[in-house]
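Engineer: Residue numbers (my numbering): 601 to 1173. All C-beta atoms, glycine included, are put in the ideal place defined by N, C-alpha and C. Just so it is clear, the structure is predicted and the values come from calculations on it, not from any experiment. Could you have a look at this structure, given as structure tokens, before my questions?
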Amino acid sequence: SRMLPNSGSLDRGQAAFLMGQGYEILQDRLKAIESYQKAVELDFEQTQTRLRLARLLMGSDAAAAEMHVREVLKVDRENALARRLLALILAASGDDGDWDEVAALLDPTASRTTIDAAGDNRVRAILLSKRGRSRAERLENIEQARAILADQVNRGSGDVNDYDRILLAGVYEQRALLGDDDSSLEAARDQFRMLVDRSDVPAANLKLYVEFLLRHVERLSGQMAESTAVEALVERMIDDAVYRLDELKRIEADNAGNIETADIVGLEARLLAAQGRAEEAVQTVGQFAEQQIDGLDEQLSTDAAKRAEAQICLTAGNLLTAIEEHQEAEKFFRRLTEIVPQTYVLLVRCLATQGRADEAVDFCLNLSDGPLRPDVAVTLASLLTDAQNRSPERNDVQAAVDSALESNPEQIDLLLAVAAMRVSEGNEPEAIKLYRRVVELSPDHSLALNNLATMLADQPNSRTEALAIIEHALKVTGRRPALLDTQGTILLKAGDAAQAVVCLEEATAGGSSDPRYYFHLAAAYAGADRIDDARETLATANDLGLEQALLTDSDRQLIRQLQRELNQSGENK
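This is the structure:
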């Protein structure tokens, strides 16, 4: 047997573990990882520490996350949390061999408790619903997930059964969105109604149902003019949302639920906005905020009262932003910034959204008398990445950002922000230099790897390197849509349209809302002589806002080429 660590190691390991927990609460992921790694080195609480560490590493270093989970399973083969965490990590790779291991880890016939089997089935259903390299394959897997959850719902009871119904409703919702299937949307509503149509309905279930209704009312509102059926569906959903929200408010008025007042106000504001009653929505949020501020306990210290007021302003500003009442949100963000100056970025974004970029820029420049702080430079660079926010007369802004980068050459967020700004300016050679610098500092930084590969793909002699970079990113973080889009685009530019289609269909299989993915897929379809598919997919990209997307010069050329090909094919018919 191995030697036990001395008590000093345990004390230091416990301290490192507690620091990791603290950094997690503060959402400082890198420092949390560092602390947990130290705790592992000191042999403290190996199982708990390694699992916490694995969860944090999953998005940036899947191999390291997998290693920590497997170490736990070496000493505790039946640890349910470790098994499920390993299944999540392996499923993200998209590899068929890894999926075989996922199936074994979550095998419902294995000799485990009924509770374990139910938990494994839930994880298996969730992973199935996200698996598939084409929309057809994704829908087939969603049907398998539906069958698993429907079986559990039929056999379950109580709160556990509620959770299974919520998951089942989510699977129906996915099927409705991917398959453009109104019957699946109604099936999702049926599951929610079974959760709320009872005398002892939990407030949390009502909240979930109202959120579901509003989500689809907001999604379908733009289609009402095109279809009387859609208009009737939206009206039914609004009526149901009004009734359920009133029920939720009654429960909360009796202190029988645990839903935050701000959450209810947010739902009410969204509902009013969906009904075309924007002025009442603004008034509802404003009255809530002022009442909360007026009701602050006079016994609070000045600092505590200010912190409470800041939280109220943040909540109100976010609620108004959610219903696109940016001018009203600005009032609360200004008030918030006066109390907590570090939150200025919310005000800056709010001003830019209203088309008041010059005001936003001036606000940033006036935050300090001397050189820009790195965080302010990041905000300015991000602001200027949008071409609509750039002004040729504002050379002072470019100079200030450049100076900040010169003073902080290893600040990764600043390097990334300036690189994106250079892309929007058309200065791709400089963007490549900056992305390479980020990769030097952080070799597994998925965003930098993705963007560097995108830039290099425009250079015929660099496409082999670009493919190697994006394959590394996929290995590190799993088969994410953004990375698959980049891989597919590189393959398209390298002349392999058929393989590009495979990657890009997978990138869009989950119903992504990024118009660039669909545009790239349309170009790949055209390259593979699938003209009708190309035309339909380009229409989807335009509907999602392709004109407003951040595009490289290469993308703009590709759009022009695609449009010429589609026009020529139309003329030849």
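With the cut-off set at 7 Å, would you say residue 1081 and residue 1112 are in Cβ contact?
Structural biologist: Looking up residue 1081 in the sequence shown gives position 481. Looking up residue 1112 in the sequence shown gives position 512. Cβ atoms of residue 1081 and residue 1112: closer than 7 Å.
Engineer: Determine, using beta-carbon pairs with one atom in the segment 1002-1019 and one in the segment 1125-1132, whether at least three such pairs fall under 8 Å.
Structural biologist: As far as the Cβ criterion goes, the segment 1002-1019 does not touch the segment 1125-1132, which means the pair count is below three.
Engineer: Can you give me the C-alpha to C-alpha distance between residue 696 and residue 705, rounded to a whole angstrom?
Structural biologist: Counting from one through the sequence shown, the residue named residue 696 turns up at place 96. Counting from one through the sequence shown, the residue named residue 705 turns up at place 105. Their Cα atoms are separated by approximately 14 Å.
Engineer: Start and end of the alpha helix (DSSP H) containing residue 936?
Structural biologist: Walking along the sequence shown from the start, residue 936 turns up at place 336. Its alpha helix (DSSP H) spans residues 926-939.
Engineer: Note the first and the last residue of the continuous alpha helix (DSSP H) segment covering residue 859.
Structural biologist: Working through the sequence shown from its first residue, we reach residue 859 at position 259. No alpha helix (DSSP H) contains residue 859, which DSSP labels as neither H nor E.
Engineer: Helix, strand or coil for residue 1108 per DSSP?
Structural biologist: As a first step, residue 1108 must be located in the sequence shown, where it is residue number 508. Reduced to three states, the DSSP call for residue 1108 is helix.
Engineer: So, is residue 618 buried or exposed, given that buried needs 16 or more other C-beta atoms within 10 angstroms?
Structural biologist: Residue numbering aside, residue 618 sits at position 18 when the sequence shown is read from its first letter. Exposed, because fewer than 16 other Cβ atoms sit within 10 Å of the Cβ of residue 618.
Engineer: Ignore the nearest five residues each way along the sequence and tell me which others in residue 1049's own chain have a CB closer than 6 Å to its CB.
Structural biologist: Sequence index remark: in the sequence shown, residue 1049 carries index 449 (1-based). Once the five neighbours on either side are set aside, the close Cβ partners of residue 1049 are 1069 and 1073.
Engineer: Is it a yes or a no for the segment 1095-1114 touching the segment 1055-1064, going by three-plus beta-carbon pairs under 8 Å?
Structural biologist: The segment 1095-1114, when compared against the segment 1055-1064, does not touch it at the 8 Å Cβ threshold.
Engineer: Taking only the alpha-carbon atoms, compute the straight-line gap between residue 1018 and residue 982 and give it to the nearest angstrom.
Structural biologist: Position 418 of the sequence shown, counted from the start, is the residue given in the question as residue 1018. Position 382 of the sequence shown, counted from the start, is the residue given in the question as residue 982. Approximately 8 Å, taken between the alpha carbons.
Engineer: Given a cut-off of 7 Å, decide if residue 732 and residue 1109 are closer than it, judged by their beta-carbon atoms.
Structural biologist: Translated into the one-based positions of the sequence shown, residue 1109 becomes position 509. Translated into the one-based positions of the sequence shown, residue 732 becomes position 132. Against a cut-off of 7 Å, the Cβ pair of residue 732 and residue 1109 comes out as a contact.
Engineer: Return the Cβ separation of residue 668 and residue 683 in integer angstroms, given the expectation that the two are a contact with Cβ distance under 8 Å.
Structural biologist: Along the sequence shown, one-based indexing puts residue 668 at 68. Along the sequence shown, one-based indexing puts residue 683 at 83. The pair is not a contact, with the Cβ atoms about 14 Å apart (cut-off 8 Å).
Engineer: Note down the Cα distance separating residue 1031 from residue 741, rounded to an integer number of angstroms.
Structural biologist: Along the sequence shown, read from residue 1 onward, the residue named residue 1031 stands at position 431. Along the sequence shown, read from residue 1 onward, the residue named residue 741 stands at position 141. Cα to Cα, the separation comes out at about 40 Å.
Engineer: Would you check if the segment 900-912 and the segment 935-952 touch, i.e. whether three or more CB-CB distances between them fall below 8 Å?
Structural biologist: Yes, the segment 935-952 touches the segment 900-912.
Engineer: Is it right to say residue 1093 is buried, meaning 16 or more other beta carbons lie within 10 angstroms of its own, or is it exposed?
Structural biologist: What you label residue 1093 is simply residue 493 of the sequence shown in a count that begins at 1. So residue 1093 counts as buried.
Engineer: According to DSSP, is residue 1009 helix, strand or coil?
Structural biologist: Residue 1009 sits at position 409 when you count from the first residue of the sequence shown. Correct three-state label for residue 1009: coil.
Engineer: Report yes or no: do the segment 866-882 and the segment 814-825 share at least 3 C-beta pairs separated by less than 8 Å?
Structural biologist: Yes, the segment 866-882 touches the segment 814-825.
Engineer: Assuming residue 745 contacts residue 734 (C-beta within less than 8 Å), just tell me the rounded distance between them.
Structural biologist: As a first step, residue 745 is located in the sequence shown; it is residue number 145 there, counting from the start. As a first step, residue 734 is located in the sequence shown; it is residue number 134 there, counting from the start. Actually they do not touch by this definition, with Cβ atoms about 16 Å apart.
Engineer: Compare the beta carbon distance of residue 964 and residue 980 with 7 Å and say whether it is the shorter of the two.
Structural biologist: By one-based count along the sequence shown, residue 964 stands at place 364. By one-based count along the sequence shown, residue 980 stands at place 380. Contact flag set, yes.
Engineer: Would you tell me roughly how many angstroms separate the C-alpha atoms of residue 924 and residue 918, rounded to the nearest one?
Structural biologist: Position 324 of the sequence shown holds residue 924. Position 318 of the sequence shown holds residue 918. Looking at the two C-alpha atoms, the distance is approximately 10 Å.
Engineer: Classify residue 1026: buried if its beta carbon has 16 or more other beta carbons within 10 angstroms, exposed otherwise.
Structural biologist: Along the sequence shown, one-based indexing puts residue 1026 at 426. Classification for residue 1026: exposed.
Engineer: Quick check on residue 626: does DSSP put it in helix, strand or coil?
Structural biologist: Numbered from its first residue, the sequence shown carries residue 626 at position 26. Of the three classes helix, strand and coil, the one that applies to residue 626 here is coil, per DSSP.
Engineer: Would you report the Cα separation of residue 801 and residue 762, rounded to the nearest angstrom?
Structural biologist: Residue mapping note: residue 801 aligns to position 201 of the sequence shown, counting from 1. Residue mapping note: residue 762 aligns to position 162 of the sequence shown, counting from 1. Taking the straight line joining both Cα atoms gives about 11 Å.
Engineer: Following a CB-centred definition, is residue 938 positioned closer than 6 Å to any heavy atom of the ligand MG?
Structural biologist: For the ligand MG, the structure offers nothing, since it holds no ligand at all.
Engineer: Using only alpha-carbon positions, find the residue among 1162, 1151, 1041 and 1059 that is nearest to residue 1139.
Structural biologist: Here residue 1139 is taken as the residue at index 539 of the sequence shown, counted from 1. For residue 1139, the nearest C-alpha among the options comes from 1162.
Engineer: Report the residue ranges of all beta strand (DSSP E) runs contained in full by the segment 657-744; include only those spanning at least 3 residues, in chain order.
Structural biologist: List check, beta strand (DSSP E) in window: nothing returned.
Engineer: Using the C-alpha atoms, what's the distance from residue 671 back to residue 1185?
Structural biologist: Residue coverage of the chain in this structure runs from 601 to 1173, which leaves residue 1185 outside it and unanswerable.
Engineer: Taking C-beta to C-beta, are residue 1077 and residue 1054 nearer than 7 Å?
Structural biologist: Working through the sequence shown from its first residue, we reach residue 1077 at position 477. Working through the sequence shown from its first residue, we reach residue 1054 at position 454. No, the pair does not count as a contact, with Cβ atoms beyond the cut-off.
Engineer: Just to confirm, are residue 694 and residue 1135 a CB contact at a threshold of 7 Å?
Structural biologist: Residue numbering aside, residue 694 sits at position 94 when the sequence shown is read from its first letter. Residue numbering aside, residue 1135 sits at position 535 when the sequence shown is read from its first letter. Not in contact: residue 694 and residue 1135 (Cβ atoms no closer than 7 Å).
Engineer: Leaving out five residues before and five after residue 940 in sequence, what residues of the same chain have Cβ atoms less than 6 Å from its Cβ?
Structural biologist: Residue mapping note: residue 940 aligns to position 340 of the sequence shown, counting from 1. If we look at residue 940 and ignore the five residues flanking it on each side, its Cβ neighbours are 910.
Engineer: Nearest by alpha-carbon distance to residue 791: which of 777, 773 and 780 is it?
Structural biologist: Looking up residue 791 in the sequence shown gives position 191. Comparing Cα positions, the closest option is 773.
Engineer: Report yes if the C-beta distance between residue 948 and residue 960 is below 7 Å; otherwise report no.
Structural biologist: Here residue 948 is taken as the residue at index 348 of the sequence shown, counted from 1. Here residue 960 is taken as the residue at index 360 of the sequence shown, counted from 1. Against a cut-off of 7 Å, the Cβ pair of residue 960 and residue 948 comes out as a contact.
Engineer: Determine the closest residue to residue 766 out of 781, 777, 796 and 659, with distance taken between C-alpha atoms.
Structural biologist: Locating residue 766 in the sequence shown gives position 166, where the first residue counts as 1. Closest by alpha carbon: 796.
Engineer: Pull up the CB-CB distance for residue 866 and residue 929, whole angstroms please, since I reckon it's below 8 Å.
Structural biologist: Translated into positions along the sequence shown, residue 866 becomes position 266. Translated into positions along the sequence shown, residue 929 becomes position 329. Not really, about 13 Å apart at Cβ, beyond 8 Å.
Engineer: Give me the residue from 1123, 764 and 1114 with the minimum Cα distance to residue 585.
Structural biologist: Not covered by the structure: residue 585. The range shown for the chain is 601 to 1173.
Engineer: Going by beta carbon distance, what residues of the same chain come within less than 7 Å of residue 739, once the five residues before and after it are set aside?
Structural biologist: The residue labelled residue 739 in the question sits at position 139 within the sequence shown. Excluding residues within five positions, the ones whose Cβ falls inside 7 Å are 775, 778 and 779.
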